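Structure first, then comments.
Residue numbers (my numbering), protein chains in the order written: chain A, 1 to 318; chain B, 319 to 763.
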């Protein structure tokens, strides 16, 4: 693991305008990731994980209210790039995305091979044969037989399509891959399979991952770092090993407690209530209302506390 | 290759597609044949020429094949040219240099209807003194009727000769000459007739050839119009023109609509709003009225009209339909993915959005073709057809302005109408069947 920083995100904000007001989907996120490092972003549905992925890749919908902060990629603040520069120099060159529901992200009217080679053709202007050779290599990495390049997306199974989507994200050899829930809607065996593929890629191609998932147990195999997102903010940023042994933030603790254990004779726990609406997040700690250890200080905005290199946003550690 | 075969096989399983396809092929074959057999310039000059070129045809003649369905056969045209029968021409030279040329035109008349017109045409040459001609009509029962004795002219229209009409008691000569004497109503006398023409020439080098024509009531495959033109030319040439007009207009409008709809729905925002407003404005503008104005004030050339149709169709109502589909496509995951890997807007529009709509487009486009064919015909019927081109609409227009329906010349209106109908039916049947095949929502029902 190099300690050089690949990407660092500072105070990233992405707010959407809707009929009822402004949704603060990503509200001041900081994160830092080195080369060949994998971070798992955990969190409930609707806490802004997917929006974070989109914000990093600047795949913005039309109703953006605020989009600010810094995304420093290899020392360059790519937020300063124009849309065209960003498209040409960053997307898929430096970082690529395996979108949510990647199974449906393959164009139904293109052959899988044509689809997988598209990023190469779009960006590097290589010849079709070369692109196909590269695609074949990537198919080997993800473990899909080469002849599937000649098929259409609907002729592939869900797991195959997911792997094809991963191959597509690899085809231009970017340093960072953002995977948005790559294993949702897949059965457990296929999930394990996909994670094995990702592990292998990390070893063989030395890429970094930002892996967004709900799936705490499977992702633990891959993670170097863990980020826990709650209501548009990162409430804990921790080394994977430390996190899985003893999470710091009360929310993380609750989240971990909700995972069924194989050997422990313990009912899975659940968190009372619902995450707050991002339209109007509560003042102070956003987890206060559901937090078992909330006390009077929590009504003020909690600071981000650095506890032995582990970051946690909670008054308990102040 | 296999895919195409598969699609063709699937098409073949729809009888209406097969019938429609065969009908379209027939139209295409007719078009190709026409363009090769009657080159454009020839067709135009034939159609625009005066009666000079068509004098051998009767006016307002029905198609010859209608006789097949009649018990009383109507006469076809009897055209006797002396140059075809030189044995019937005798020349007697007299000592004073004058000549007597006798030309006989024997013919059998066994029809159940009277000819529509009678004429003798002369081809002759002289320097100073024109020849003199005497024409006699010999009936089967041996009567000899003097038709004319006068100085020679280019043509002798027996039917318009007032002296003859008076002689027959105001009965037109073409009826009087071919009827049983004193029959009322006139009965046809069938049998062997002969027209004898005796010409006296006064110069040594003068020669005269005569041609006798008893115009029938039926002619050709398609019949003739008020200018004696064979309708077949216009019917044949109408096919490629109609197909070209329909195809180009349909291609032009659908492709333009599709691209505009794709661009609008992809970029959204003010551009989409603007496109939508323009479409709404165009939708309320009556296109036919605009085309009539263009035809009246600017030009009636078919290309100007075609261009106007396409220009008016660029922002046609189809954009709304396409937009509805594009709005859905735009949100699909694979478009998001394409954006993520940095595909440019153009690439997304042309290789992601548009291919999605093609299956829906093909049947719609085929069904659209006849509507433009009808539009062109409608304009022609309104008198705004291209003045130089023979088209189906022009035939109907001619028929209308010459009172075809009042006078019972139904063939004149029915023939082009039948072809228009045939075209409409062909493309519709094909289009609806293709819709079944290509449109996933109708599949397998």
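Note that the Cβ used here is the ideal one computed from N, Cα and C, for glycine as well.
This structure is a prediction, so every number in the text was calculated from the model and none was measured.
At the level of alpha carbons, what is the spacing between residue 490 of chain B and residue 508 of chain B?
Your numbering for residue 490 of chain B matches position 172 in the second chain. Your numbering for residue 508 of chain B matches position 190 in the second chain. The straight-line gap from Cα to Cα measures roughly 18 Å.
Is it true that the CB of residue 653 of chain B sits closer than 9 Å to the CB of residue 580 of chain B?
Taking the second chain and counting its residues from 1, the one referred to as residue 580 of chain B is at position 262. Taking the second chain and counting its residues from 1, the one referred to as residue 653 of chain B is at position 335. The answer is no: Cβ separation not under 9 Å.
Residues that DSSP places opposite residue 397 of chain B in a beta bridge
Mapped onto the second chain, residue 397 of chain B falls at position 79. Residue 397 of chain B pairs with B:531.
When the cut-off is 9 Å and only beta carbons count, does residue 115 of chain A lie next to chain B?
Counting from one through the first chain, the residue named residue 115 of chain A turns up at place 115. True, the Cβ-Cβ gap to chain B drops below 9 Å.
Can you tell me which of the three DSSP states residue 445 of chain B falls into?
Stepping through the second chain from its first residue, residue 445 of chain B is reached at position 127. Coil.
Pull up the CB-CB distance for residue 79 of chain A and residue 90 of chain A, whole angstroms please, since I reckon it's below 8 Å.
Numbered from its first residue, the first chain carries residue 79 of chain A at position 79. Numbered from its first residue, the first chain carries residue 90 of chain A at position 90. Actually they do not touch by this definition, with Cβ atoms about 10 Å apart.
To be precise: take each residue of the segment 187-203 of chain A, compare its Cβ to all Cβ atoms of chain B, and keep it if any distance is under 8 Å. Which residues remain?
none
Any idea what DSSP makes of residue 283 of chain A, helix, strand or coil?
For the purposes of this step, residue 283 of chain A is taken as residue 283 along the first chain, with counting starting at 1. Three-state result, residue 283 of chain A: coil.
What's the gap between the Cα of residue 379 of chain B and the Cα of residue 435 of chain B?
Stepping through the second chain from its first residue, residue 379 of chain B is reached at position 61. Stepping through the second chain from its first residue, residue 435 of chain B is reached at position 117. Residue 379 of chain B and residue 435 of chain B: Cα-Cα distance of roughly 11 Å.
Name the chain A residues whose beta carbon is nearer than 8 Å to that of residue 654 of chain B?
As a position in the second chain, residue 654 of chain B is number 336, starting the count at 1. At a C-beta separation below 8 Å, residue 654 of chain B has these neighbours in chain A: 59, 99, 105.
When we look at the beta-carbon of residue 763 of chain B and count the other beta-carbons within 10 Å, is it buried (16 or more) or exposed?
Taking the first residue of the second chain as 1, we reach residue 763 of chain B at position 445. Residue placement at residue 763 of chain B cannot be trusted, given a pLDDT of 43 that sits under 50; what the coordinates show is reported in the next sentence. That one is exposed.
In chain B, what lies closer than 7 Å to residue 173 of chain A by C-beta?
Position 173 of the first chain, counted from the first residue, corresponds to residue 173 of chain A. In chain order: nothing, as chain B lies at least about 13 Å away.
Do the CB positions of residue 476 of chain B and residue 438 of chain B come within less than 9 Å of each other?
For the purposes of this step, residue 476 of chain B is identified with residue 158 of the second chain, where counting begins at 1. For the purposes of this step, residue 438 of chain B is identified with residue 120 of the second chain, where counting begins at 1. Yes, these two residues count as a Cβ contact at 9 Å.
Would you identify the three-state DSSP class for residue 372 of chain B, choosing helix, strand or coil?
Counting from one through the second chain, the residue named residue 372 of chain B turns up at place 54. It is helical.
With the cut-off set at 9 Å, would you say residue 12 of chain A and residue 41 of chain A are in Cβ contact?
As a position in the first chain, residue 12 of chain A is number 12, starting the count at 1. As a position in the first chain, residue 41 of chain A is number 41, starting the count at 1. Cβ atoms of residue 12 of chain A and residue 41 of chain A: not closer than 9 Å.
For residue 659 of chain B, does the count of other Cβ atoms within 10 angstroms reach 16, so buried, or fall short, so exposed?
For this step, residue 659 of chain B is matched to residue 341 along the second chain. Flag for residue 659 of chain B reads buried.
Residues in its own chain within less than 6 Å of residue 407 of chain B by CB, not counting five upstream and five downstream?
Position 89 of the second chain, counted from the first residue, corresponds to residue 407 of chain B. The residues are 400, 421.
Is there a C-beta anywhere in chain A that falls below 9 Å from the one on residue 583 of chain B?
Numbered from its first residue, the second chain carries residue 583 of chain B at position 265. False, the Cβ-Cβ gap to chain A never drops below 9 Å.
Kindly list, in the order they appear in chain B, the residues whose Cβ is closer than 8 Å to that of residue 118 of chain A.
Residue 118 of chain A sits at position 118 when you count from the first residue of the first chain. Under the 8 Å cutoff, chain B gives 656, 659, 661.
Cβ closer than 8 Å: which chain B residues qualify as neighbours of residue 62 of chain A?
Counting from 1 along the first chain, the entry for residue 62 of chain A is found at position 62. Counting only Cβ-Cβ distances below 8 Å, residue 62 of chain A has contacts in chain B at 586, 587, in chain order.
Assuming residue 633 of chain B contacts residue 576 of chain B under a Cβ cut-off of 8 Å, what Cβ separation, rounded to an integer in Å, is found between them?
Taking the second chain and counting its residues from 1, the one referred to as residue 633 of chain B is at position 315. Taking the second chain and counting its residues from 1, the one referred to as residue 576 of chain B is at position 258. Between residue 576 of chain B and residue 633 of chain B the Cβ distance is about 12 Å, and since that is not below 8 Å, they are no contact.
What do you reckon, are the CB atoms on residue 425 of chain B and residue 567 of chain B nearer than 9 Å?
Working through the second chain from its first residue, we reach residue 425 of chain B at position 107. Working through the second chain from its first residue, we reach residue 567 of chain B at position 249. No; because the gap between Cβ atoms is not below 9 Å, this pair is not in contact.
May I ask you to report which of helix, strand or coil DSSP gives residue 222 of chain A?
On the first chain, residue 222 of chain A is found 222 positions in, with the first residue counted as 1. Three-state result, residue 222 of chain A: coil.
Apart from the five residues on each side of it in sequence, which residues of its chain come closer than 6 Å, Cβ to Cβ, to residue 482 of chain B?
On the second chain, residue 482 of chain B is found 164 positions in, with the first residue counted as 1. Closer than 6 Å at the Cβ level, and outside the excluded window around residue 482 of chain B, lie 491.
Any idea which residues DSSP pairs residue 211 of chain A with across the strands?
The residue given as residue 211 of chain A occupies position 211 in the first chain. Residue 211 of chain A pairs with A:40, A:179.
Would you kindly work out how many angstroms separate the C-alpha atoms of residue 1 of chain A and residue 636 of chain B, rounded to a whole number?
By 1-based counting over the first chain, the position of residue 1 of chain A is 1. By 1-based counting over the second chain, the position of residue 636 of chain B is 318. Since pLDDT at residue 1 of chain A reaches only 41, below the 50 mark, its modelled position is unreliable, and no value is offered.
Taking only beta-carbon positions, decide if residue 344 of chain A is within less than 9 Å of chain B.
For residue 344 of chain A there is no data in the structure shown, the boundaries of chain A being 1 and 318.
Going straight from the alpha carbon of residue 431 of chain B to that of residue 395 of chain B, what length do you get?
As a first step, residue 431 of chain B is located in the second chain; it is residue number 113 there, counting from the start. As a first step, residue 395 of chain B is located in the second chain; it is residue number 77 there, counting from the start. Cα-Cα distance, rounded: 12 Å.
How many Å lie between residue 371 of chain B and residue 545 of chain B at the Cα?
Working through the second chain from its first residue, we reach residue 371 of chain B at position 53. Working through the second chain from its first residue, we reach residue 545 of chain B at position 227. Taking the straight line from one Cα to the other gives about 10 Å.
Using a Cβ distance threshold of 8 Å, determine whether the segment 118-129 of chain A contacts the segment 152-162 of chain A, with at least three qualifying pairs required.
no
With 9 Å set as the bound, which would you pick, yes or no: does the beta-carbon of residue 593 of chain B sit closer than that to a beta-carbon of chain A?
Numbered from 1 along the second chain, position 275 holds the residue referred to as residue 593 of chain B. It does not; no Cβ of chain A falls within 9 Å.
Who are the Cβ neighbours of residue 143 of chain A in its own chain at under 7 Å, not counting the five residues just before and after it?
What you label residue 143 of chain A is simply residue 143 of the first chain in a count that begins at 1. So the list reads 163, 197, once near-sequence residues are dropped.
Rounded to the nearest angstrom, what separates residue 302 of chain A and residue 291 of chain A at their Cα positions?
As a first step, residue 302 of chain A is located in the first chain; it is residue number 302 there, counting from the start. As a first step, residue 291 of chain A is located in the first chain; it is residue number 291 there, counting from the start. Rounded to the nearest whole angstrom, the C-alpha separation of residue 302 of chain A and residue 291 of chain A is 13 Å.
Length of the line joining the Cα atoms of residue 15 of chain A and residue 279 of chain A:
Locating residue 15 of chain A in the first chain gives position 15, counting from the first residue. Locating residue 279 of chain A in the first chain gives position 279, counting from the first residue. Those two C-alpha atoms are separated by around 9 Å.
Taking only runs of the beta strand (DSSP E) that begin and end inside the segment 137-202 of chain A, which ones reach a length of at least 3 residues, in chain order?
176-180
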